[in-house]
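Residue numbers (our numbering), protein chains in the order written: chain V, 3 to 257; chain B, 3 to 257.
By construction, the Cβ of each residue, glycine as well, lies at the ideal position given by its N, Cα and C atoms.
What follows is a single structure, written as structure tokens, with notes after it.
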DNA sequence: ATGAATTTGTCCGTATGTATA
DNA sequence: CTATACATACGGACAAATTCA
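Now the structure itself:
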């Protein structure tokens, strides 16, 4: 029983787990704990500070959500690798085609080793947001993809469209995933942006599994719709972008 | 000791606190728990499910970070009020002055009841990000402001500049807060955008206090720098925008 | 390939502090 | 001032995933 703290509350105003969190973050930033290095185990850290393991877990949980460490059961807790912040340079900001995280083939320009893989094609359930955006009450075809770079997920993308209007759409996905290209090449339909929205949310359990992050991690949530030549809403899409890996940047300096 | 679950692991594959979280969210979405309504206390919920209070707290913690409920010590846990998501319409996307969350006087166009108040003017500590952006190693003047609308915080803004270059700067803030206007009117310096960056992060304790949210809530983090006519970096700024209240939207439909 | 050891994940019980009504 | 309700913290136990001999 340390005189400096008792059950229920420490002497100071800052909770113990916040103190531990701050100290660990200090060690990471100072390089005492290097990227990739494994932290001491939770019982060891608990012994070092003379606190309960749960207190350590609270501190590490915060660090994990913020992306400073990665925690894996059975393996341990490691300092997160140097986050190569992918700079997304907006070419001019003037063209609607080149907006933030466009639905075109190259989600992140300049990142050459990126791959986009098909995760799932489904049609089962109602999805209100998509149905509202497309003005339809019927079930829609849903396509989920995952974009990775450097061996790690960058973002997950989902889009919805009316399957009956584009028969055999799913079959064309073997060649190319990008919906705009499939629609143009196989159906002669050219889509353009209707609207896009961007906000910050937290990763759900499902998001976290796919993106290989902890549930509750910050993600940029981007959604939007595209219309065809007759201005009929045809494509609704969502994108969840790892906040710890991607930073959109706009440079005006050289202009 | 329920046969359906034992210490350490429930019978199913989904953790207890996830089940509780999902069920509470279901009640909120179904309207069984209405916005503003108070949830049963943690011990009551624990008794209802026959689980430990810690399990309830884990579930509620996730809901709080996601913005579905607000938790206040001594008061209770309430279903979050209907979040009037302030849509930030980007006028054209063409002009650099009208970019996302610009540093001008009206952070959120069309939101008339918004107020920007001065929180603090300080100079004490070193701030590496600002010093690097401005290419200075000296202490900088820091100005913190808070933008509110509908009686609730929308975003917090901080900017840094070299105090010695602009003597008496802090004194001018009584009239107007926006740095670009103060610099133009009192020093004849016209700044323009050098760069802007945008990503998603989690609210720190300090952020959370000011923004009236739970630490760990999602925020859009925006930073950038402005340069003067000689292209000298003069102003560095950060902005933390509540993800639960603000959604940036871009409309191309009528163009 | 197998099994043991290691490490994190989940859950229970209890106690006390602090903010709010 | 008192009661209520959440915040923090301790201790113990077992499950599940990973690692490694």
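Apart from the five residues on each side of it in sequence, which residues of its chain come closer than 8 Å, Cβ to Cβ, to residue i?
| i | result |
| --- | --- |
| residue 140/B | 133, 164 and 166 |
| residue 138/V | 164 |
| residue 42/B | 50 |
| residue 206/B | 217 |
| residue 84/V | 37 |
| residue 35/B | 26, 29, 41 and 81 |
| residue 48/V | 54, 55, 57 and 58 |
Report buried or exposed for residue i, applying the criterion of at least 16 other Cβ atoms within 10 angstroms of its Cβ.
| i | result |
| --- | --- |
| residue 122/B | exposed |
| residue 77/V | exposed |
| residue 249/V | buried |
| residue 235/V | buried |
| residue 220/V | buried |
| residue 204/B | buried |
| residue 239/V | buried |
| residue 1/V | A query on residue 1/V cannot be resolved here, the shown segment of chain V reaching from 3 to 257 and no further. |
| residue 131/B | exposed |
| residue 228/B | buried |
| residue 181/B | buried |
| residue 209/B | buried |
| residue 169/B | exposed |
| residue 16/V | exposed |
| residue 173/B | exposed |
| residue 25/V | exposed |
| residue 246/B | buried |
| residue 218/V | buried |
| residue 45/B | exposed |
| residue 37/V | exposed |
| residue 187/V | exposed |
| residue 69/B | buried |
| residue 202/B | buried |
| residue 226/B | buried |
In chain V, which residues lie with their C-beta within 8 Å of the C-beta of residue i?
| i | result |
| --- | --- |
| residue 250/B | 199, 200 and 201 |
| residue 253/B | 196 and 197 |
Grab me the residues of residue i's own chain with a C-beta within less than 6 Å of its C-beta, minus the 5 sequence neighbours each way, in chain order.
| i | result |
| --- | --- |
| residue 73/V | 66 and 79 |
| residue 1/V | A question about residue 1/V goes unanswered here, because the residues of chain V that appear run from 3 up to 257. |
| residue 124/V | 144 |
| residue 19/V | 57, 60 and 61 |
| residue 183/V | none |
| residue 146/B | 121, 122 and 160 |
Under three-state DSSP, which class holds residue i?
| i | result |
| --- | --- |
| residue 32/B | helix |
| residue 123/B | strand |
| residue 108/B | A caution first: residue 108/B carries a pLDDT of 49, below 50, which makes its placement in the model too unreliable to give a value. |
| residue 94/V | With a pLDDT of 44 at residue 94/V, under the threshold of 50, the predicted position of this residue should be treated as unreliable, and no value is reported. |
| residue 142/B | coil |
| residue 226/V | strand |
| residue 159/V | strand |
| residue 133/B | helix |
| residue 232/V | coil |
| residue 128/V | coil |
| residue 184/V | helix |
| residue 238/B | strand |
| residue 209/V | helix |
| residue 195/V | strand |
| residue 2/V | Since the first residue shown for chain V is 3 and the last is 257, residue 2/V is missing from the structure and cannot be characterised. |
| residue 84/V | coil |
| residue 154/B | strand |
| residue 20/B | helix |
| residue 171/V | helix |
| residue 176/B | coil |
| residue 3/V | At residue 3/V, the pLDDT of 32 sits below 50, so the modelled position is not reliable and the matter cannot be decided from this model. |
Name, please, each residue of chain B whose Cβ falls closer than 9 Å to the Cβ of residue i.
| i | result |
| --- | --- |
| residue 64/V | 204, 217 and 218 |
Which residues of chain V have a Cβ atom closer than 7 Å to the Cβ of residue i, listed in chain order?
| i | result |
| --- | --- |
| residue 67/B | 204 and 218 |
| residue 245/B | 201, 202 and 203 |
Quick one: which chain B residues come within Cβ less than 7 Å of residue i?
| i | result |
| --- | --- |
| residue 121/V | Correct list: empty, because the minimum Cβ distance to chain B is about 20 Å. |
Against residue i, what residues of chain B qualify as contacts under a CB-to-CB distance less than 8 Å, listed in chain order?
| i | result |
| --- | --- |
| residue 207/V | 20 |
| residue 221/V | 202 and 220 |
Is residue i close to the ligand SAH? I mean its beta-carbon at under 7 Å from any heavy atom of the ligand.
| i | result |
| --- | --- |
| residue 206/V | What this structure holds is no ligand at all, so the ligand SAH is not there to describe. |
Continuous beta strand (DSSP E) assignments of at least 3 residues falling wholly in the region 35-82 of chain V: 71-74 and 78-81
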